[in-house]
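Chains as they are written, first to last, in UniProt numbering: chain Y, 1 to 212; chain R, 1 to 212; chain V, 1 to 212; chain B, 1 to 212.
Glycine included, each C-beta is placed from N, C-alpha and C at the ideal position.
Notes to accompany the following structure.
4 protein chains.
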Amino acid sequence: MADEKGPGHSRRRERSRQAIFAATRDLVAEGPYEKVTVEAIAARAGVGKQTIYRRWPSKSSVVFAALLALSEEADGQPPALPDTGDLRADLSLVMRATVEEFADPSFDRLIRALTTEIANDAALAAEYREKLARPLAEAKEARLRSAQEAGQLDADADLGLVLEVLYAPLFQRWLHRSGPLSAAYADSLVDAALRAFGPRAGVKPPAGRTAG
Amino acid sequence: MADEKGPGHSRRRERSRQAIFAATRDLVAEGPYEKVTVEAIAARAGVGKQTIYRRWPSKSSVVFAALLALSEEADGQPPALPDTGDLRADLSLVMRATVEEFADPSFDRLIRALTTEIANDAALAAEYREKLARPLAEAKEARLRSAQEAGQLDADADLGLVLEVLYAPLFQRWLHRSGPLSAAYADSLVDAALRAFGPRAGVKPPAGRTAG
Amino acid sequence: MADEKGPGHSRRRERSRQAIFAATRDLVAEGPYEKVTVEAIAARAGVGKQTIYRRWPSKSSVVFAALLALSEEADGQPPALPDTGDLRADLSLVMRATVEEFADPSFDRLIRALTTEIANDAALAAEYREKLARPLAEAKEARLRSAQEAGQLDADADLGLVLEVLYAPLFQRWLHRSGPLSAAYADSLVDAALRAFGPRAGVKPPAGRTAG
Amino acid sequence: MADEKGPGHSRRRERSRQAIFAATRDLVAEGPYEKVTVEAIAARAGVGKQTIYRRWPSKSSVVFAALLALSEEADGQPPALPDTGDLRADLSLVMRATVEEFADPSFDRLIRALTTEIANDAALAAEYREKLARPLAEAKEARLRSAQEAGQLDADADLGLVLEVLYAPLFQRWLHRSGPLSAAYADSLVDAALRAFGPRAGVKPPAGRTAG
DNA sequence: TTCTAAACGAGACGGTACGTCGAGTCTTTAG
DNA sequence: CTAAAGACTCGACGTACCGTCTCGTTTAGAA
């Protein structure tokens, strides 16, 4: 599964790989996306263009791989969300953190680049879902499942849908710059989600709570 | 209201304008977005490149203008949503229609191009919100307000937020191809929105409905 | 002979004609020839492009006409060369004057432009010969004929050839910048021509000089 | 002597260089000079435009280099003129050959293009003198010097001037199309030059002929 | 003096070529 | 035997002019 190159050119290989990723990330974070060219990446990484094309088929792929690696570095362990038992508080915390991430210009540019590449390339989109979106979604769903089991969410709730109702409005506002991204906005989305998917009073009492 | 070009080779001007828009739309709808070049547009429109650059500063602008014009043609009158009095049914209808639009490959490519251009150009994004998104949002909010007045939505509901909860998940699924866009999905979003923003049972009974 | 325009918008016509010529000459004299464009001429002359194209078929023609007009202005009367009776002195004077003309940067650029246009356009070349070169050559030949009759040139000398031997080396040096254009050089050409075409000693004694 | 490019993709480089030169020469020889565009050269050579611009700064330079290369190919050895001992005959031969060259339409266009480029670009003119004109002039002067030593030319004659008197009239007639280029014309130039620069009878008897 | 028709200035138009840039490929040389 | 270096083909970029084509606007002469 690992790279496991027979001889030991591994060192060099890995060094240039990291240099390419770093250069890519810096360029994306720094400036306008049209300045992110393969030539600029190669130059900044101190690498030949062919060393890039040997490994990735297109600029999109490099950018994508660089951002993917970014999140993989951070995630030695799978991402986990806080679980204090207070679903509303935990969700609010996470949503507010997301809002703040989007406010960082570097992060903004990084994600905007990623989104742009993904939007027009179905293969990349699939890889994105597999390697980035899904693990994150699973971590989030885990927290929701815990809440569901604790009767804080409707037993029938589709947890994927809950996540969409929470995050998609945030994402869309950010992408289209169609409104302010504030803590209050984050909370209002948490409120809406909890109203939509919270326990339905009197109708479906949480399992195992029969003896009120 | 009309073009009313004071002086002008108005005929020619308008003809080439339409040709440019048509060519742009065709190219975007037909094929991969990287084939949509200013040269291709000019060639297909039977127009000099300069005629394009004289009017728009960038490819983004032309594409945007072409799609904008598309919607302006359709909208002699402001868009209006069905209002049968049955909010759930009306929303379901509209959401299902949206789902179907996204299923059309031409429309898909059109909107994907628009989204991509907008994502990386704040000025274009502003124009998009002003000229395309807002009128549509207002029409939708009008329908929701009618429902609110009829007590089918909570009186305190932020109608913009309701729209986001309805549409953003749909949009995100489509953009990221992260799940099927089906009628059932549309309905589940309507359900969620109505649970989140429907009248709060027993708390705020709809005005004037005391005598059931 | 004259333009014989049916009606007579002559004043305006003539004004713009002069403006075009002046603008053309200024542009040619000022700067690099590639900056001499029809658009630049029209702009500087305060004239529409069509006013130029209505009268001349190409940039070459305008430039040519402008320079032609320049020499026609000067030449109310046909050009005449000094005839003091001393052929060597007269030729030296004229050749030295030519050398000095070529030293003037404006004149240099003017003639260089003219030469360039003429070299690649046989029709223009014909017009040049007819309207500019021939009258000048005839004036010069007249002076030579006078000398011939005075026995200062061989009676059989081809006067056209004499002029070529005098002027062509000068012209070529100037065109190719292949050597200094000096008064001494002018004189050495006069010497050579006189040696080549002067009276052949003892063979054909000048008429009427029998009694030395 | 060789290009000696430190590193080098020499094979490819040389192949494309030759292709560019061939294409340029063909285009110049074939047709009107305004059809000789960098794009046309690149297309015909099967080469990217950038490969041309990487090596030469302007169309002029390419054309010049192509024609220069043409003459360098021919001249493995330095050019030499016939020396039969009979100066008049040798000059007549060479001048007549020149006249015939100018009669060839391809050669005519080639030289006309070269002349045009050179006339308006002092740097190119310098290179032309250095690399094309001078070697040729030196070969011709060598022949004249031989004649001078044999007493067939005046000992004081400026050989450069002799060449100018011989060739400049020919060149000018050709450039301006101001008269027929014939064998007779060539001979009349030889006659004139020999009269102008031949031994001055009785004044300076040729060296080494003391014992007349 | 008013009317009429040409020529006019202005400048947009369909084009061609410019010279530059970047994508992705290919080749050479150094390590 | 891989990687840096960088030249290569290709094709789009955005600009400059070409020569053509309307547009109103003078303007001079005829009515």
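Is there a Cβ from chain V that is less than 8 Å from the Cβ of residue i?
{"i": "Ser146 (chain B)", "result": "no"}
{"i": "Thr84 (chain B)", "result": "no"}
{"i": "Arg195 (chain B)", "result": "yes"}
Please confirm if residue i has its CB atom under 8 Å from at least one CB of chain R.
{"i": "Phe171 (chain Y)", "result": "yes"}
{"i": "Val38 (chain Y)", "result": "no"}
{"i": "residue 219 (chain Y)", "result": "The shown model of chain Y, from 1 to 212, leaves out residue 219 (chain Y), and the question about it has no answer."}
{"i": "Ala97 (chain Y)", "result": "no"}
{"i": "Leu91 (chain Y)", "result": "no"}
Given a cut-off of 8 Å on the beta-carbon distance, is the pair residue i and residue j in contact?
{"i": "Thr24 (chain Y)", "j": "Ala66 (chain Y)", "result": "yes"}
{"i": "Val63 (chain V)", "j": "Val99 (chain V)", "result": "no"}
{"i": "Gln172 (chain Y)", "j": "Glu164 (chain R)", "result": "yes"}
{"i": "Pro199 (chain R)", "j": "Asp156 (chain R)", "result": "no"}
{"i": "Ser60 (chain V)", "j": "Glu14 (chain V)", "result": "no"}
{"i": "Ala119 (chain B)", "j": "Arg112 (chain V)", "result": "yes"}
{"i": "Ala186 (chain B)", "j": "Arg96 (chain B)", "result": "yes"}
{"i": "Arg81 (chain B)", "j": "Lys131 (chain B)", "result": "The sequence as given places Leu at residue 81 (chain B); Arg does not occur at that position. Not closer than 8 Å, so no."}
{"i": "Arg55 (chain V)", "j": "Asp26 (chain V)", "result": "no"}
{"i": "Ser188 (chain V)", "j": "Leu161 (chain B)", "result": "yes"}
{"i": "Arg145 (chain R)", "j": "Leu136 (chain R)", "result": "no"}
{"i": "Ser106 (chain Y)", "j": "Thr51 (chain Y)", "result": "no"}
{"i": "Thr115 (chain R)", "j": "Leu68 (chain R)", "result": "no"}
With 16 other CB atoms within 10 Å as the buried threshold, where does residue i fall?
{"i": "Glu39 (chain B)", "result": "exposed"}
{"i": "Asp104 (chain R)", "result": "exposed"}
{"i": "Gln148 (chain Y)", "result": "buried"}
{"i": "Ser178 (chain Y)", "result": "buried"}
{"i": "Ala192 (chain Y)", "result": "buried"}
{"i": "Lys35 (chain Y)", "result": "exposed"}
{"i": "Arg143 (chain R)", "result": "buried"}
{"i": "Leu194 (chain B)", "result": "buried"}
{"i": "Lys49 (chain B)", "result": "exposed"}
{"i": "Phe21 (chain V)", "result": "buried"}
{"i": "Asp83 (chain V)", "result": "exposed"}
{"i": "Ala42 (chain R)", "result": "buried"}
{"i": "Gln152 (chain R)", "result": "buried"}
{"i": "Ser182 (chain B)", "result": "exposed"}
{"i": "Ala74 (chain R)", "result": "exposed"}
{"i": "Asp86 (chain V)", "result": "exposed"}
With a threshold of 8 Å between beta-carbons, can residue i be considered close to chain Y, or not?
{"i": "Lys204 (chain R)", "result": "For Lys204 (chain R), the predicted structure reports a pLDDT of 44, less than 50, and the residue's modelled location is therefore unreliable. A value from the coordinates is still provided. By this cut-off, Lys204 (chain R) is not an interface position."}
{"i": "Arg88 (chain R)", "result": "no"}
{"i": "Trp168 (chain R)", "result": "It should be pointed out that residue 168 (chain R) corresponds to Ala in this sequence rather than to Trp. Interface residue, yes."}
{"i": "Arg11 (chain R)", "result": "no"}
At a Cβ threshold of 8 Å, is residue i touching chain B?
{"i": "Ile118 (chain V)", "result": "yes"}
Chain R contacts made by the segment 121-132 of chain Y, where a contact means CB separation under 8 Å: Listed in sequence order: Ala122, Ala125, Ala126, Tyr128 and Arg129.
Residues, ordered as in the chain, of the segment 172-193 of chain V that lie near chain B by beta-carbon distance below 9 Å: Residues Gln172, Arg173, Leu175, His176, Arg177, Ser178, Gly179, Tyr185, Ser188, Leu189, Asp191, Ala192 and Ala193.
Cβ-based contacts, 8 Å cut-off: residues of the segment 136-165 of chain Y near chain R: Among the residues of the segment 136-165 of chain Y, those with a Cβ less than 8 Å away from any Cβ of chain R are Asp158, Gly160, Leu161, Glu164 and Val165, in the order of the chain.
Interfacial residues, the UniProt domain "HTH tetR-type" (14-74) of chain V to chain B, with Cβ spacing under 7 Å: If the cut-off is 7 Å between Cβ atoms, the UniProt domain "HTH tetR-type" (14-74) of chain V has Tyr33 near chain B.
Length-filtered (4 minimum) alpha helix (DSSP H) runs lying within the UniProt domain "HTH tetR-type" (14-74) of chain R: The qualifying runs are 38-45, 49-53 and 59-74.
Entirely enclosed alpha helix (DSSP H) segments - the segment 88-170 of chain B, minimum 4 residues: Fully enclosed alpha helix (DSSP H) runs of 4 or longer: 105-119, 122-128 and 134-149.
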